Structure formats: structure tokens, C-alpha cells
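**Student:**
Number of protein chains: 2
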Amino acid sequence: MQIKSIEWADDSLVVIDQTQLPEKLIYLKIDTLDQLLEAIQKLKIRGAPLLGAAGAFGIYLGIRNSRADIYEINNLVRRSYDKVVSARPTAVNLKWGAEQAKEAAQNQVEIASIKKAALDKAIEITLDDFRRCESIGKNGSDLITEGGILTHCNTGALATCGIGTAFGVLWTAHRQGKKISVFAGETRPLLQGARLTAWECQQLGMPCTLITDNMAGMVMRKKLIHIVIVGADRIAKNGDVANKIGTYSLAVLAKQHQIPFYVAAPLSTFDFHCPDGESIPIEERDPDEVRGGFGKLTAPKDVNVFNPAFDVTPHEYITAFITEKGISKPPFQF
Amino acid sequence: MQIKSIEWADDSLVVIDQTQLPEKLIYLKIDTLDQLLEAIQKLKIRGAPLLGAAGAFGIYLGIRNSRADIYEINNLVRRSYDKVVSARPTAVNLKWGAEQAKEAAQNQVEIASIKKAALDKAIEITLDDFRRCESIGKNGSDLITEGGILTHCNTGALATCGIGTAFGVLWTAHRQGKKISVFAGETRPLLQGARLTAWECQQLGMPCTLITDNMAGMVMRKKLIHIVIVGADRIAKNGDVANKIGTYSLAVLAKQHQIPFYVAAPLSTFDFHCPDGESIPIEERDPDEVRGGFGKLTAPKDVNVFNPAFDVTPHEYITAFITEKGISKPPFQF
Numbered sequence: 001m002q003i004k005s006i007e008w009a010d011d012s013l014v015v016i017d018q019t020q021l022p023e024k025l026i027y028l029k030i031d032t033l034d035q036l037l038e039a040i041q042k043l044k045i046r047g048a049p050l051l052g053a054a055g056a057f058g059i060y061l062g063i064r065n066s067r068a069d070i071y072e073i074n075n076l077v078r079r080s081y082d083k084v085v086s087a088r089p090t091a092v093n094l095k096w097g098a099e100q101a102k103e104a105a106q107n108q109v110e111i112a113s114i115k116k117a118a119l120d121k122a123i124e125i126t127l128d129d130f131r132r133c134e135s136i137g138k139n140g141s142d143l144i145t146e147g148g149i150l151t152h153c154n155t156g157a158l159a160t161c162g163i164g165t166a167f168g169v170l171w172t173a174h175r176q177g178k179k180i181s182v183f184a185g186e187t188r189p190l191l192q193g194a195r196l197t198a199w200e201c202q203q204l205g206m207p208c209t210l211i212t213d214n215m216a217g218m219v220m221r222k223k224l225i226h227i228v229i230v231g232a233d234r235i236a237k238n239g240d241v242a243n244k245i246g247t248y249s250l251a252v253l254a255k256q257h258q259i260p261f262y263v264a265a266p267l268s269t270f271d272f273h274c275p276d277g278e279s280i281p282i283e284e285r286d287p288d289e290v291r292g293g294f295g296k297l298t299a300p301k302d303v304n305v306f307n308p309a310f311d312v313t314p315h316e317y318i319t320a321f322i323t324e325k326g327i328s329k330p331p332f333q334f
Numbered sequence: 001m002q003i004k005s006i007e008w009a010d011d012s013l014v015v016i017d018q019t020q021l022p023e024k025l026i027y028l029k030i031d032t033l034d035q036l037l038e039a040i041q042k043l044k045i046r047g048a049p050l051l052g053a054a055g056a057f058g059i060y061l062g063i064r065n066s067r068a069d070i071y072e073i074n075n076l077v078r079r080s081y082d083k084v085v086s087a088r089p090t091a092v093n094l095k096w097g098a099e100q101a102k103e104a105a106q107n108q109v110e111i112a113s114i115k116k117a118a119l120d121k122a123i124e125i126t127l128d129d130f131r132r133c134e135s136i137g138k139n140g141s142d143l144i145t146e147g148g149i150l151t152h153c154n155t156g157a158l159a160t161c162g163i164g165t166a167f168g169v170l171w172t173a174h175r176q177g178k179k180i181s182v183f184a185g186e187t188r189p190l191l192q193g194a195r196l197t198a199w200e201c202q203q204l205g206m207p208c209t210l211i212t213d214n215m216a217g218m219v220m221r222k223k224l225i226h227i228v229i230v231g232a233d234r235i236a237k238n239g240d241v242a243n244k245i246g247t248y249s250l251a252v253l254a255k256q257h258q259i260p261f262y263v264a265a266p267l268s269t270f271d272f273h274c275p276d277g278e279s280i281p282i283e284e285r286d287p288d289e290v291r292g293g294f295g296k297l298t299a300p301k302d303v304n305v306f307n308p309a310f311d312v313t314p315h316e317y318i319t320a321f322i323t324e325k326g327i328s329k330p331p332f333q334f
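In order, the protein sequences belong to chains U and B. Note that our numbering has the first sequence beginning at 1, numbered continuously upward. Note that our numbering has the second sequence beginning at 1, numbered continuously upward.
Shown next, in the form of C-alpha cells:
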């Protein structure tokens, strides 16, 4: 089964409610901006590229049923944009997608074409991301023959508008008949590997073994892992990678066990204004994600917690980058 | 505050109900063998050395109120032993402690002295373990000056009859006025680091930061960690160490960052019949510990899981062993 986490169908936006996973697969039909904002705020929709598309659809949903005049509708575009952006202020892609649709709308002079331009842009962003994932998947699959592949966090259909980035490589290799077996690190504290990646593997019929993050060393030593492949949140000019916390530990362990360590990401993830990993700001998140989050408190309620959302993996640990344009091996020249 | 997880007081066994931690500190008064068996089965009492003492007390509790004759009381000793052992069949220390008390009782020929010998042996085992922890703590503290110290799982008062093994070293250094800061790895899947070690640090007023296991690499790279110290479940003749899953990953990360990696354990942990780590059998536990286990399901309910309880750290990653007899550095000669 293909997983479509976002789709424009029958004049509605249809998304998977990710907060119900892995227990239930529920599609939400979204017809208004308020419904979309609620879905974004409650993390029913998450994942950077997916939020980019959602942000663009937000502009259209904000104006589609309006009977305002041309002056008012332009105000409404701006107000919709502000609402989308403030739904999750730190989500860069959300803002980017909303901006794309806002600008497309603002280039029009008739009410009907303003609405159409916003919708067309949102659909275009969705399709672009879909195609980008396909290319990353095909390029990355060339690096894969068979064996155990460890991945981290969720980089699949639930995070993108297509098959995913790092996960898309696995899915492409599997579709091509390569005998791979996915090891999904659960990815504490928010367990995206356990909740989402393991679920996607099941939906797609890919062999998958769920492990806790601290088992990575052991499974490598037991020679169960032949490749590690992860996504990226931001890649600096020198090739240093910021990604979900735990990525750096995996990179060190992979190097120690002489296992290739690949990073799959669209070109838009490269930030050429950022010289190296030291310059990437690392967001710290709510300590309660570590203290609890499994349904009950699992640590003293006031214990001091360090909860960085990301870590930085220096470029010397990276065997190659996989992008929609191809494979990049060291020395990295960006 | 000193933590006493087991004590014979006012003719009762008093233990901490560890299933209530970290939310509530509740002492259980145990007066019968059935109460003890329930506490062991429900993991209200856990930790290898602590179970050794509990097992010995079980023999006494099984016979203390009996009015049987000398023949019957010897049968009762044996039946109590069988009950204790079958409460947790894989807990080696539980069996060992029960055996000690059983043999002490069986060496007596009068009813009163049979009862007294079982109780005396249980108290002796408790005190021996208390003193052993003190010695390990003192010996280990000589290796510590100041700084951040990462530990794994729970090796403190809640696992032993004293201050603990690896944790006892931290506590001793702290009591000696050394400026240390504990980093407690949460230790998935059962979160002993989060639930127990972080709680012990709070009770004792030791600075503590809780992290998820996958943050270990990042905190080392940020130079927040100056020493790693862990306990051991079994040490082979060549110095390979079986310990809680995740230990091996920490050892590799420590070596990569040139951080000393110490193993603190009583001499009874060394198994000279076991030539190396490859010969140590690794128990696999219930997959549901990884899929959920803290009040809600956090992975697909039927996803394949690998859940080894322990991993093996080869001796070449170990800077030194800390035992009650002193420090042992490579080349290890056991």
C-alpha cells in the first residue's frame, strides 16, 4: 500500500491524522483554514516538507469561500499567511510554503485567479516534493545491494509529500526487489521511529525490526547492519549535518564498525550561508518529553533534563550525501 | 538523605516499593514469605545484590512463625527455598541468597537455632553487601577529580544493600566534596536511569541531568562528560563485560572521545569459568517493553522487535575495573 499523507481530492485537503498512529489510520478531510491550523498545532500533520505543502494550502483555504472584494481578498491572503505562520512559529518549511502561495496569489489581479493561483501553487509544491522524493529514492538505491539498514527518526511518507527522503531510498530499493531489512531506531524522546517508521514499514510490507536507540552499537557489532541512512534538518557549507538527536552517536558507531553512513536530503536542506555545524543553532525542547511521554511520568517531575532536538554530525563521518540531483562523496564541494 | 532499600527492623523486613518510584517513596513492611514473594514478583524489590539479601530473608520468613516439629521445619526450609527461587527463576542472586540461608539453617539441629541461623545469615549477607559497596565506592573515588560523569541504568542503593556499585563511586566522590555532576542515561527500555538513578541523585542532593540514551554522543562531543562509569552483570575471564543494553554503545563513544570508561562491580561478578564475552548468553526480553510498557502503546502492536537485555563490551574498551579489593588496569589478569 502506498501511503499518501497529503492530497487535494474532491475539493478538500485530505491528510493522515498522525497523532492516531500507529493505532489507527484516520484520514482527515480539511475544508477550512481553522481546521488546518488545528491540525498543524496538534501535530496531526508534521514533518518539514509536508508542512511546506500544508502551509501553501492554508492560504487557499483561507480565501476560497470568501465573497470579499479585490481589496479585501488581498488583506485576507495576508491574514491567512499570518495565521499559518503563527501556528508553528519555528517550522521554517511551513512559512516557506505559505509564502510561496501568498506571492503567487498577490501576483494576480482578479479574485478568481487569486484563489486559483494559491491552490495551483499548493498543488505544485506537493507534486514537486513528490518528484523530489522519487529522485532521491532512485539515486540512493544505487548505493544499496542488500542487508540490514539502520535508520533513525521518520523520513518517510509521513514527513513528506512522497515516499520520503532516507526512507524513500529504502522503499525504492525494496520495490526494486533488493533484499533489505530495515532496523528502525525508536528515536527518543518523541519515538518517531517506533510510532511512524515502523508503521510505514508494516504498511508497505517491508521487513522491519524495531530497536531502542541504545541497541545500535550491539546490532552493528553483531554484523546485522550493513548501511546506516538518515535524513537531515540542515546541512552546512562544509558538509556538517544537523539532524534529529542521536544521529551523531550513530555516525560514530558506524565509523567504528566500518559501516557506510549516508545522509539523504533535498538540496533545499543545504544552507550555504552556514559555514559549519558549529554555526547551526540547536533548539532545546520541553524537558517533559524526556521525563514522560509514554502516558505516565517516568522520571522525577522536577529532575534537570537536557533535551536538544538535534545534534551535529561532522562531515568526516559522512560517506556520501544523496540528493535529488545525485550522489555527493568527499571531499564535499558545496 | 541515605537511602536504605532493605533493612531488618522491629522484627520485620522493611523495603522500598520500587514500583512506586519516582512518584512516591513508600516503605513496605514484610512479615510473611507470601508478602515477600509478591514483592519480588511484582518487581517492588529488584537489583541483583538486593535480591540476594531478599532471598535469604525469604527462608527465615517462611519458617519464623511455624510451630512444626524438627522434621517438618526442615521440610519447610526446603519448601520456602523452592518458593523463593521460583518467584524469579532467572535471578541468580535470589537463588544464591536463598541457598546461603537454607544451608545455614540446615546446619542446625534445634528449631530455635534453625530459625536464628536463617535470620543471621540474611542479616550477614545484607551487611556484607553494604560493606562491599562502601569499599567499591572508596576505591573508585580515587579515580575521580571533578566534572561530568555519565552513568547508565541503576547501580545505586535501590539495586544493592548499600550505596551501590558504579553509583556508589559517584556518591562517595560527592560526599568527599568533589565537584561532580551526574549525567543519567535514561536506559531504555525499562528506564531505570530515569526512574531510579535520577531519583537517587535527587534524594542525595547530587547534581544530576537526565538525558535520553541517544544523546550520549552529543554530550561527549560538547565536552560535558569527563568519565563514564557503569556496573556489570557478568565479567568474563578476559575482562569482557556483559551489562545492561546500551553499555557497549557508550564504551565505543567514550573511546572515540578519549573519555575514561570504568566498570565498577563486586568480585562475585567475575565468572572465571567464562573465557570471553562471546560465551555469555544474552537474554532476550518481552518485545512489549520496546513497543510500549509505560501506559500506552508507542509502536505498531505486532511490529518485530529485537530486545536483548544486555550487551557485551570487549575488554579493550575498559580503562579499569573497580572492585572492593581495588583498581584493576590493563592488561587484565583475572
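We treat Cβ as the ideally placed atom computed from N, Cα and C, and that holds for glycine. Values in this document were obtained by computation on a predicted structure and should not be read as measured data.
Within a Cβ cutoff of 6 Å, which residues of the same chain sit near Q20(U), ignoring the five residues on either side of it in sequence?
**Tutor:** Answer for Q20(U): I26, listed in chain order.
**Student:** Short of 7 Å in beta carbon distance, which residues of its chain neighbour T197(B), apart from the five on each side in sequence? Order them along the chain.
**Tutor:** If we look at T197(B) and ignore the five residues flanking it on each side, its Cβ neighbours are T151, N154, G156, F167 and A184.
**Student:** What residues of chain U sit near T151(B), judged by a beta carbon separation below 7 Å?
**Tutor:** None at all; the shortest Cβ gap to chain U is about 13 Å.
**Student:** Would you please state the rounded distance, in angstroms, between the beta carbons of S66(B) and L76(B)? I believe it to be under 8 Å.
**Tutor:** Their Cβ separation, rounded to whole angstroms, is 6 Å, which keeps S66(B) and L76(B) in contact under 8 Å.
**Student:** Chain U beta carbons: is any one of them nearer than 8 Å to that of Q256(B)?
**Tutor:** Yes, because at least one Cβ of chain U sits closer than 8 Å to the Cβ of Q256(B).
**Student:** Mind checking if G52(U) is an interface residue toward chain B, Cβ cutoff 8 Å exclusive?
**Tutor:** So, not an interface residue.
**Student:** Can you tell me the Cα-Cα spacing of T212(B) and D286(U), whole angstroms?
**Tutor:** Rounded to whole angstroms, T212(B) to D286(U) spans 13 Å at the Cα level.
**Student:** CA-CA distance, I3(B) and A216(B)?
**Tutor:** Straight-line Cα distance between these residues: approximately 27 Å.
**Student:** If you follow the beta strand (DSSP E) that Y27(B) is in, where does it begin and where does it stop?
**Tutor:** From DSSP, the beta strand (DSSP E) with Y27(B) extends over Y27 to I30.
**Student:** Give me the DSSP bridge partner(s) of N304(B).
**Tutor:** N304(B) pairs with T209(U).
**Student:** Would you kindly work out how many angstroms separate the C-alpha atoms of G239(U) and A309(U), rounded to a whole number?
**Tutor:** Near 19 Å, if we compare the C-alpha coordinates of A309(U) and G239(U).
**Student:** Pull up the DSSP beta-bridge partners for K244(B), would you.
**Tutor:** Answer is F310(B).
**Student:** Using beta carbons (cut-off 8 Å, strictly below), is K95(U) in contact with chain B?
**Tutor:** K95(U) does not count as touching chain B.
**Student:** Go ahead and pull the three-state DSSP assignment for G293(U).
**Tutor:** Correct three-state label for G293(U): coil.
**Student:** Can you check which of these residues, V290(B), Y317(B) and L297(B), is closest to N307(B) by C-alpha distance?
**Tutor:** With distances taken between Cα atoms, N307(B) lies closest to V290(B).
**Student:** At a Cβ cut of 7 Å, what residues of the segment 120 to 133 of chain U count as close to chain B, listed as they run along the chain?
**Tutor:** Residues passing the 7 Å Cβ filter: none.
**Student:** Could you have a look at V169(B) and say whether DSSP puts it in helix, strand or coil?
**Tutor:** Helix.
**Student:** For my contact list, G47(U) and T160(U) are in at a C-beta cut-off of 8 Å; report their separation, rounded to the angstrom.
**Tutor:** Indeed they touch by this definition, with Cβ atoms about 6 Å apart.
**Student:** Measure from the C-beta of Q202(B) to each C-beta in chain U and report whether the shortest distance is under 8 Å.
**Tutor:** It does; some Cβ of chain U falls within 8 Å.
**Student:** Give the straight-line distance between the Cα atoms of I345(B) and K44(U), rounded to the nearest whole angstrom.
**Tutor:** The structure shown has nothing for residue 345(B), since chain B only spans 1 to 334.
**Student:** First and last residue of the alpha helix (DSSP H) that includes S141(U)?
**Tutor:** From DSSP, the alpha helix (DSSP H) with S141(U) extends over I111 to S141.
**Student:** Would you call the segment 97 to 111 of chain U in contact with the segment 130 to 142 of chain U, where contact means no fewer than 3 C-beta pairs closer than 8 Å?
**Tutor:** Judged by Cβ distances under 8 Å, the segment 97 to 111 of chain U makes no contact with the segment 130 to 142 of chain U, as fewer than three pairs qualify.
**Student:** Against C208(U), what residues of chain B qualify as contacts under a CB-to-CB distance less than 7 Å, listed in chain order?
**Tutor:** Correct list: V303 and N304.
**Student:** What residue does the beta strand (DSSP E) around L13(B) start on, and which one ends it?
**Tutor:** Counting along the chain, the beta strand (DSSP E) containing L13(B) begins and ends at S12 to I16.
**Student:** For W8(B), decide whether its Cβ has a neighbour in chain U, counting only Cβ atoms nearer than 8 Å.
**Tutor:** Closer than 8 Å: no.
**Student:** Determine the DSSP secondary structure at T197(U), reduced to helix, strand or coil.
**Tutor:** It is helical.
**Student:** Looking only at its chain, what residues have a beta carbon closer than 7 Å to the beta carbon of R195(B), apart from the 5 residues adjacent to it on each side?
**Tutor:** Result list for R195(B): L21 and P22, in chain order.
**Student:** In three-state terms, what does DSSP make of T187(B)?
**Tutor:** Of the three classes helix, strand and coil, the one that applies to T187(B) here is coil, per DSSP.
**Student:** Among residues of its own chain, excluding the 5 on either side of I337(U), which ones have a beta-carbon nearer than 7 Å to its beta-carbon?
**Tutor:** With chain U running from 1 to 334 in the structure shown, residue 337(U) is simply not present.
**Student:** For chain U, check one thing: does any of its Cβ atoms lie closer than 8 Å to the Cβ of V77(B)?
**Tutor:** It does not: the Cβ of V77(B) has no partner Cβ on chain U nearer than 8 Å.
**Student:** Find out if the Cβ-Cβ distance for the pair G55(B), V14(B) is shorter than 8 Å.
**Tutor:** No, they are not a contact pair.
**Student:** Distance cutoff 8 Å, beta carbons only. Does F270(U) sit that close to anything in chain B?
**Tutor:** Taking Cβ atoms only, chain B never reaches closer than 8 Å to F270(U), which makes this a no.
**Student:** Check each candidate in D31(U), V303(U) and Q333(U) and name the one with the smallest Cα separation from V182(B).
**Tutor:** The residue with the shortest Cα to Cα distance from V182(B) is V303(U).
**Student:** Can at least three beta-carbon pairs, one atom from the segment 268 to 280 of chain U and one from the segment 271 to 283 of chain B, be found at a separation below 8 Å?
**Tutor:** The segment 268 to 280 of chain U is not in contact with the segment 271 to 283 of chain B.
**Student:** Below 8 Å between beta carbons is the criterion; list the residues of the segment 10 to 28 of chain U that meet it against any residue of chain B, in chain order.
**Tutor:** Against chain B - using a Cβ distance shorter than 8 Å - the residues of the segment 10 to 28 of chain U are P22 and E23.
**Student:** How long is the line joining the alpha carbons of D17(B) and P49(B), rounded to whole angstroms?
**Tutor:** Their backbone Cα atoms lie some 16 Å apart in a straight line.
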